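Just so we're aligned, residue 33 is where the sequence shown starts under my numbering, counting upward by one.
All residues carry an ideal CB built from backbone N, CA and C; glycine is no exception.
If you're wondering where the values come from, they're calculated on a predicted model, not measured in any experiment.
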Amino acid sequence: MEITKTNSIALTQFIALLLIVFLAPFIGNQFITGTIVNAVLILSFFLLGYKSALLLCFLPSAISFSLGFMPVAIMLPFIMIGNVILVSAFKLIKNYWIALFSGSIIKASLLFLTASIFVSNPVVLSMMSWPQLLTAISGGLLVYIIRKT
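Written out as structure tokens, the structure reads:
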């Protein structure tokens, strides 16, 4: 593959977004970290396309788990699937707001349902409930602001 200016820009953007996703868990606050990660996932779809965004869907959870930030390993695949659902909503639904809200609701519902089945810790169950909806929507709002400026 020939290296072009466009490829270099896309690679730089991908690496920058990957770095943000890597550093986000160190913030320690679920609402800030979740908003940042969801914003990166959505922004990557618009900047880099669906395939690159899908790759980024798997990395935040894997990074958080490997660094010890994820409290329950059983939730790892479900968080990854939730991220794919969120990004896929933007591919399938052309209206930004409908994609954001439907993707966020489905992602949050999946995480709460699976946590209800597999997790007995009430703190983790709480983390997998309404905060997931709030951070997905907040991430989408942040991307909307970024794209409009």
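### Query
So the alpha helix (DSSP H) L91 belongs to, where does it begin and stop?
82-98
### Whole-angstrom distance between G81 and T146, CA atom to CA atom
29 Å
### Message
So, with DSSP's three-state summary, where would you put K126?
### Response
For K126, the secondary structure class from DSSP, reduced to helix, strand or coil, is coil.
### Query
For Q164, which of S98, I117, A85 has the nearest alpha-carbon?
I117
### Alpha-carbon to alpha-carbon, L174 and L88
18 Å
### Task
Buried or exposed for A105, please, with buried defined as at least 16 other CB atoms from any protein chain shown within 10 angstroms of its CB.
Residue environment analysis places A105 among the exposed positions, since fewer than 16 neighbouring C-beta atoms fall within 10 angstroms of its C-beta.
### Same chain only: Cβ atoms within 8 Å of F78, ignoring 5 sequence neighbours per side
F122, V175, R179
### Message
Pop quiz: L73 and A85 are said to be a contact at Cβ under 8 Å. What is the actual Cβ separation, rounded to whole angstroms?
### Response
6 Å
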